[in-house]
Structures are given as C-alpha cells and as structure tokens.
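Reading through the structure tokens given below for one structure.
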Amino acid sequence: WNNVKIRESFPKMIFSKENKDFYFVHSYYFECLNKKNIIGSTKYGLNFASIIGKENIYGVQFHPEKSSVQGLQLIKNFLSI
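Under this note's numbering, the first residue of the sequence shown is numbered 52, with each subsequent residue one higher.
Here is the structure:
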C-alpha cells in the first residue's frame with residue numbers, strides 16, 4: 052500500500068482531491084517522459100508517476116480492484132464518464 056498524491060491542477064472528476072492509499076503489488080514503474088500527463092505520483096524510494104492520462108486515456112500503476120473502498124470508488128468514477 053502506498054499513497055497517491057493527485058496533481059493540484061487536475062480536474063477531480065475521476066480522482067478525488069484527497070490523497071489516497073492504493074495497493075501496489077510490484078516494484079516496477081512507468082517513466083512518463085511528458086510530465087504534463089502525470090496526474091498522480093507516489094513516493095517509494097523515489098517519486099514516480101502512478102497515474103497518467105492523455106485526452107480520454109488513463110493508466111494507473113496500482114490495482115484499484117484490490118484497493119478497498121477507494122479503489123472501488125475509482126472504478127465507479129471511471130465507469131461514470
């Protein structure tokens with residue numbers, strides 16, 4: 052479990068304003084070269100992009116389906132757009 056910090060300037064329709072803990076099961080991470088596509092970040096030894104997005108495409112580095120209430124809410128938010 053690690054905390055995901057949502058970028059302040061990102062609209063909060065999908066990702067809530069509060070920073071949440073989500074379930075990460077591995078130590079791999081995606082290096083996002085275009086920093087404006089980073090929606091959320093996590094610190095685990097180093098800061099890395101844990102949520103990215105461009106236009107209507109989003110990706111998360113964690114497992115929302117295994118992340119308790121906050122993960123299920125995230126899935127629900129995705130399905131509502």
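Think of the CB as a built atom: it goes at the ideal place given N, C-alpha and C, for glycine as much as any other residue.
Treat the numbers as computed from the prediction; the structure is a model and nothing was measured.
For the set S78, E106, G110 and I57, the Cα lying nearest the Cα of G96 is the one of S78. Our two residues, I132 and K105, have alpha carbons roughly 15 Å apart in a direct line. Assignment of G96 by DSSP, reduced to helix, strand and coil, places it in the coil class.
Scanning the stretch 69-122 from its first residue to its last, no whole alpha helix (DSSP H) run of 4-plus residues comes out. Counting along the chain, the unbroken beta strand (DSSP E) around I57 starts and ends at N53 to I57.
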